[in-house]
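So the structure is just underneath, and the comments pick up after that.
Protein chains: 2
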Amino acid sequence: MKEKTLCHAGELFLIEQLQKNFQYNLKSLVAGIGDDAAVIKYGKDYLLFTTDMMLEGVHFDLHYITPYQLGFKLISVNVSDIYAMGGTPMYALLNIALRKKTETSFFNMLFKGIKHALSYYKTILIGGDISAVRKDIYLSATIIGSTTKPILRSGAKEGDKIYVTGYLGESACGLEILKKKGMRVKPSNNLLKRHLMPAARNPDKLKGIATSMIDISDGLLIDLTRLCDESKVGARIYEEKIPVSPQMRKTALSLGLSPLNLAMTGGEDYELLFTAPHNKKIKAIYIGDIVKSERVIIDKLGFKKAFEPKGYQHF
Amino acid sequence: MKEKTLCHAGELFLIEQLQKNFQYNLKSLVAGIGDDAAVIKYGKDYLLFTTDMMLEGVHFDLHYITPYQLGFKLISVNVSDIYAMGGTPMYALLNIALRKKTETSFFNMLFKGIKHALSYYKTILIGGDISAVRKDIYLSATIIGSTTKPILRSGAKEGDKIYVTGYLGESACGLEILKKKGMRVKPSNNLLKRHLMPAARNPDKLKGIATSMIDISDGLLIDLTRLCDESKVGARIYEEKIPVSPQMRKTALSLGLSPLNLAMTGGEDYELLFTAPHNKKIKAIYIGDIVKSERVIIDKLGFKKAFEPKGYQHF
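Chain order of the listed sequences is A and B.
The first sequence begins at 2 in my numbering and counts up one residue at a time.
The second sequence begins at 2 in my numbering and counts up one residue at a time.
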């Protein structure tokens, strides 16, 4: 019998395996594998730790993104995970592996983008590692943050309302434009900017209000599934409530793509998806409700269909 | 004029650029870029943060190392940086990027090695990221540690003695055996074990004694240069004091290599290199003295020659 490959096992299965294999019974460990960031009780505060990779040919294509944008994005995607815990980023570590023949101007622009983002998020670079690679460029960042009250994925309760902080599918639509144009373009178009230089959403206004939270990095449906899994609840969302900008709708249609599909399964928007008690006044976009167990989308005519965790999976 | 590449700029120059570019005037930041780990004063303790990569084709070759050994080594090389600050490792984050067609048994053995090492160093896995790659496997770890009194690279004083914790050149000699055999071999031979499954050296006995410390990851001469640079001092080391094991000497000679050269420039031994006041009793191997500014090796006949930071450089 042929052995199973990672591709057949699937990313969600692999992470589940790791969660089972690396379980610890420690009071100080509030959240480990399976949330946006790890949460450690330290003194009277909570420390937050997260790390995310960006690999050439998987997460980015140098035909589309400039080194400056890449540096900025590397920091944003990592800060977004700290924000998704209701945290404040403080320190960053980097791993940067580039080709020997890369020009120093690439290195300089990459770090200019990193520096811009770090200063934007008031985060300081404290260390890292640089290396040569044979072929594909590899980047990762680790961000250390803190919070007085972490917002976990696991806090959603039946009856809570579900919200997002902004338009969805913008980044995925931006990527489609780039693929069509097949080259680097100035991000004058907002959809391109959302893809090339995303900004993470500051959660400060949601502290003490949100019962659970996650950032939308892989797509609404897959990230909502993760939140529901951790909270052991279901969700009912309304198709017509999913926020789609007029610009995205128009662009998607002109590219022959479904705007709603982009909004529900497109990754890298870095909007926050959160839940809050139904009686709270919230300045965000209401898209549905937490229910006991069913996970469904209701269309405009009231028809219900179950949703699957569709979105970006590595394996 | 052709633009400079990273290879021409060199690793030490690139890191120096980053040190200049990311300088912060923060009381809590005790050490940042340029030490084995970053040191942050947090409450009454110090938190330590380090991250190191292992890239296929650069740091390892799957013809020589098994996934189990690779997982173990990934943790050891990172823990070694925490130990080099006089710290205790606490938490780990991982970035693991593998090919889609990799068999799940590879994934399982890699994590078995990681788990073994984490338990050996009493460190717990709290998070990370997994991804697919197009070609070369990429691994990195971030370790968070703590200490009540960090031992920096910058604390060496004129008159201090220089010590190492064990035999040098063992790992480099082990790699030469593997290259010659051209295949995976059981690490029954100690030199192979030192290369394939290195153990980091616990610094507990050196706390309150060592004035400066670094781990030997890239080679004695390059790492001693780093320590001298940060401490703004010179060093005089004695050729005949450099610890070379009988086994390494014999193996190196049989391979037509200079044992002394391996010991001075071979990387990945993960022994600690430290300085201590000359009047302290130290259980380690004395190899020389910190002096004002000259950086020299004295040979058996008393001849002096200047040493260069020879060892592993990525660019």
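Glycine included, every Cβ here is placed at the ideal spot set by N, Cα and C.
(message) For a test of the three-state rule: what should DSSP assign to G129(B), helix, strand or coil?
(response) Here G129(B) carries a strand assignment [DSSP, helix/strand/coil].
message = For the region 130 to 147 of chain A, list every residue whose C-beta sits within 8 Å of some C-beta in chain B, in sequence order.
response = Residues passing the 8 Å Cβ filter: D130, I131, S132, A133, V134, R135, K136, D137, Y139, S141, T143, I145.
For this session: Identify the continuous alpha helix (DSSP H) that holds R195(A) and give its terminal residues.
Result: 191 to 197
- prompt: Starting from P90(B) and walking both ways along the beta strand (DSSP E), at which residues does that stretch end?
  reply: 89 to 100
- Query: Excluding sequence positions up to five away, which residues of its chain have a Cβ less than 7 Å from the Cβ of K162(B)?
  - Reply: For K162(B), the CB contacts under 7 Å within the same chain, skipping 5 residues up- and downstream, are T276, A277, H279, Y287, D290 in chain order.
request  = Take Y164(A) as the anchor and find which of N22(A), L7(A), K242(A), C174(A) has the nearest alpha-carbon.
outcome  = K242(A)
Subject >> Given T226(B) as reference, the closest of A10(B), A200(B), D36(B) once Cα atoms are compared >> reply: D36(B)
Can you tell me whether F107(A) is buried or exposed, with buried defined as 16 or more other CB within 10 angstroms of its CB?
buried
For the beta strand (DSSP E) containing D290(A), list its first residue and its last residue.
286 to 292
(request) Run the CB neighbour count on K251(B), radius 10 Å, all protein chains shown included, and call it buried at 16 or more, exposed below. (result) exposed
Terminal residues of the alpha helix (DSSP H) in which D36(A) lies: Unbroken run through D36(A): none, as it is neither H nor E.
**Message:** Would L49(A) and A38(A) be called neighbours here (beta carbons separated by less than 8 Å)?
**Reply:** yes
Q) Just the Cα atoms here: how many angstroms apart are I127(A) and E269(B)? A) 23 Å
Touch test, the region 78 to 86 of chain A against the region 297 to 313 of chain A, Cβ-Cβ under 8 Å, three pairs minimum: Short answer: they don't touch.
### Under 8 Å between C-beta atoms of L169(A) and I115(A)
no
Spell out whether any CB of chain A is found under 8 Å from the CB atom of H315(B). yes
Residues that DSSP places opposite T52(B) in a beta bridge:
T143(B)
Checklist line | Minimum Cβ-Cβ distance from I41(A) to chain B less than 8 Å | finding: yes
### Message
So K293(A) and G235(A) are supposed to be a Cβ contact under 8 Å. How far apart are they, rounded?
### Response
6 Å
Exercise. Taking the continuous alpha helix (DSSP H) assigned at R202(B), which residues delimit it?
Worked result: Run containing R202(B): none; DSSP gives neither H nor E here.
According to DSSP, which residues form a beta bridge with K305(B)? I299(B)
Exercise. Return the first residue and the last residue of the beta strand (DSSP E) that D216(A) is part of.
Key: 213 to 216
Practice item. Please report the residue range of the alpha helix (DSSP H) in which I210(B) lies. Key: That residue, I210(B), is in no alpha helix (DSSP H); it is neither H nor E in DSSP.
Using a C-beta to C-beta distance shorter than 7 Å, which residues of chain A count as neighbours of L111(B)?
Those do not exist, as L111(B) stays about 11 Å from chain A at its closest Cβ, beyond 7 Å.
*At a CB-CB cut-off below 9 Å, which residues of chain A make contact with I16(B)?*
I131
TODO: Please confirm whether H315(A) and I97(B) have their CB atoms less than 8 Å apart.
DONE: no
Requested in this report: Give every residue of the same chain whose Cβ lies closer than 6 Å to the Cβ of G146(A), excluding the five residues on either side of it in the sequence, and list them in chain order.
Outcome: L49, I83, G88, T89, P90, M91
Is the CB of F23(B) under 8 Å away from at least one CB in chain A? Interface residue, yes.
Can the beta-carbon of M249(B) be found closer than 8 Å to that of E159(B)? no
- Message: Less than 8 Å between CB atoms is the rule here; does K158(A) satisfy it with respect to chain B?
- Response: no
Closer than 7 Å, Cβ to any Cβ of chain B: which residues of the region 45 to 68 of chain A, in chain order?
-> F50, T51, T52, D53, M54, L56, G58, V59
- Item | First and last residue of the uninterrupted alpha helix (DSSP H) at A118(A) | Its alpha helix (DSSP H) spans residues 105 to 121.
Quick check for students: name the residue ranges of the alpha helix (DSSP H) that lie wholly in the region 225 to 263 of chain B, counting only runs of 4 or more.
247 to 255
Exercise for review: Determine the contact status of S141(B) and S141(A), defining contact as a CB-CB distance below 8 Å.
Suggested key: Result yes, Cβ atoms of S141(B) and S141(A) sit closer than 8 Å.
| What residues in the region 70 to 89 of chain B bring their beta carbon closer than 7 Å to a beta carbon of chain A? | none
* Indicate whether at least one CB of chain B lies closer than 8 Å to the CB of I34(A). => yes
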